[in-house]
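Note that the sequence shown covers residues 1 to 179 in full-length UniProt numbering. Quick reminder that beta carbons are idealized off the backbone N, C-alpha and C, glycines included. Computed from a prediction, not measured in an experiment: that's the story for all the values here. Here's the structure, in structure tokens; my notes come after.
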Amino acid sequence: MAQKRKLHNYDDVYDCDTESLSSFVSDEDFVHSISSSEDDSSDEEDFSCVRQWCKINSSSHAPSRFSFTGDVGMKACVTNISDPLEYFELFFTDEILNHIVTETNIFADENLNKFKRKEHSRTHHWSETDANELRVFFATLILQGIITKPTVRMYWSKRKLIETPSFSNLMSSRRFDLI
Numbered sequence: 001m002a003q004k005r006k007l008h009n010y011d012d013v014y015d016c017d018t019e020s021l022s023s024f025v026s027d028e029d030f031v032h033s034i035s036s037s038e039d040d041s042s043d044e045e046d047f048s049c050v051r052q053w054c055k056i057n058s059s060s061h062a063p064s065r066f067s068f069t070g071d072v073g074m075k076a077c078v079t080n081i082s083d084p085l086e087y088f089e090l091f092f093t094d095e096i097l098n099h100i101v102t103e104t105n106i107f108a109d110e111n112l113n114k115f116k117r118k119e120h121s122r123t124h125h126w127s128e129t130d131a132n133e134l135r136v137f138f139a140t141l142i143l144q145g146i147i148t149k150p151t152v153r154m155y156w157s158k159r160k161l162i163e164t165p166s167f168s169n170l171m172s173s174r175r176f177d178l179i
């Protein structure tokens, strides 16, 4: 008789999202901890139990939680900002957008040619994206959160009853799908 395995959801271990995220460190802190590990062996002893992975299921207790010690909130001064675009640019800097552009183009190069595509596939029309086009893409996504429709296709509909021309003025549906 085959033994049944009970699957446990990671989210079941934590009461809320912030608890599960509070134990993660930033990449910078992680790199710093690796580079300074040779110099400071006493810290190594303090964190040895943290680095031991264990499976969590109904028969074993969850590992002990560590309290969050960082500063909460944004580091940027936002009191003088009144334009929504300025808020967006706080999080999506040119550096971040250029990184997303680079990775998007790499992903397209690696994956669009992996499989045999049909003759009339829209993927034949792929061209590399840039930061300005990604800004328009993100604006389209944000606008879709404000103007809700049952399907993505409906944002580009030309039917008079449900037409929203601003979407097709921003970007074609084909290009939106490709990105």
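Roughly how many angstroms lie between the CA atoms of residue i and residue j, to the nearest whole one?
{"i": "A75", "j": "P84", "result": "Reading the sequence as shown, one finds Lys at residue 75 and not Ala. Between K75 and P84, the C-alpha separation is close to 18 Å."}
{"i": "T104", "j": "L112", "result": "11 Å"}
{"i": "T148", "j": "S127", "result": "29 Å"}
{"i": "S37", "j": "V72", "result": "Because the pLDDT of S37 is 45, which lies under 50, any placement of that residue in the model is unreliable, and the question is left without a value."}
{"i": "T69", "j": "C77", "result": "21 Å"}
{"i": "S35", "j": "R153", "result": "Residue confidence is low: S35 scores 46 on pLDDT, short of 50, so the model does not pin down where it sits. Its coordinate-derived value is still stated next. Each residue's Cα considered, the two are about 50 Å apart."}
{"i": "L21", "j": "R135", "result": "At L21, the pLDDT of 41 sits below 50, so the modelled position is not reliable and the matter cannot be decided from this model."}
{"i": "T164", "j": "I146", "result": "12 Å"}
{"i": "L90", "j": "T102", "result": "20 Å"}
{"i": "I110", "j": "H61", "result": "In the sequence under discussion, the amino acid at residue 110 is Glu, which differs from the Ile named in the question. One C-alpha to the other measures close to 42 Å."}
{"i": "H99", "j": "L143", "result": "23 Å"}
{"i": "F115", "j": "F92", "result": "33 Å"}
{"i": "S58", "j": "S64", "result": "15 Å"}
{"i": "E119", "j": "S67", "result": "56 Å"}
{"i": "S157", "j": "D94", "result": "32 Å"}
{"i": "A108", "j": "S172", "result": "18 Å"}
Under the rule that 16 or more other beta-carbon atoms within 10 Å means buried, what is residue i, buried or exposed?
{"i": "W53", "result": "exposed"}
{"i": "A2", "result": "Unreliable placement is indicated for A2, whose pLDDT of 48 sits below 50; the coordinate value is still reported in the next sentence. Exposed."}
{"i": "T129", "result": "buried"}
{"i": "V25", "result": "The pLDDT assigned to V25 is 48, lower than 50, so where the model puts this residue is not dependable; a value taken from the coordinates is nonetheless given after this. So V25 ends up on the exposed side."}
{"i": "N132", "result": "exposed"}
{"i": "D39", "result": "Residue placement at D39 is flagged as unreliable, the pLDDT there being 48, under the threshold of 50; a coordinate-derived value is accordingly withheld."}
{"i": "K6", "result": "For K6, the pLDDT reaches just 44, beneath the cut-off of 50, and the residue's location in the model is therefore unreliable, although a value from the coordinates is still provided. When all chains shown are included, K6 counts as exposed."}
{"i": "R159", "result": "exposed"}
Between residue i and chain C, is the shortest Cβ-Cβ distance under 8 Å, so that the two count as touching?
{"i": "D71", "result": "This model lacks chain C altogether, as it is built from one protein chain only."}
Along the chain, where does the alpha helix (DSSP H) containing residue i start, and where does it finish?
{"i": "F66", "result": "Run containing F66: none; DSSP gives neither H nor E here."}
{"i": "S173", "result": "S173 to L178"}
{"i": "D169", "result": "In the sequence as presented, Asp is not what sits at residue 169; that position holds Asn. Per DSSP, N169 belongs to the alpha helix (DSSP H) from P165 to L170."}
{"i": "E133", "result": "A131 to I146"}
Pop quiz: residue i and residue j are said to be a contact at Cβ under 8 Å. What is the actual Cβ separation, rounded to whole angstroms?
{"i": "Y155", "j": "F137", "result": "Y155 to F137, Cβ: 13 Å. No contact."}
{"i": "R174", "j": "H125", "result": "7 Å"}
{"i": "I96", "j": "Y87", "result": "Rounded, the Cβ-Cβ distance is 14 Å, inconsistent with contact."}
{"i": "R122", "j": "D177", "result": "7 Å"}
{"i": "T151", "j": "L170", "result": "T151 to L170, Cβ: 18 Å. No contact."}
Any alpha helix (DSSP H) of 4 or more consecutive residues that is wholly inside the region 66–116:
The qualifying runs are 84–91 and 94–111.
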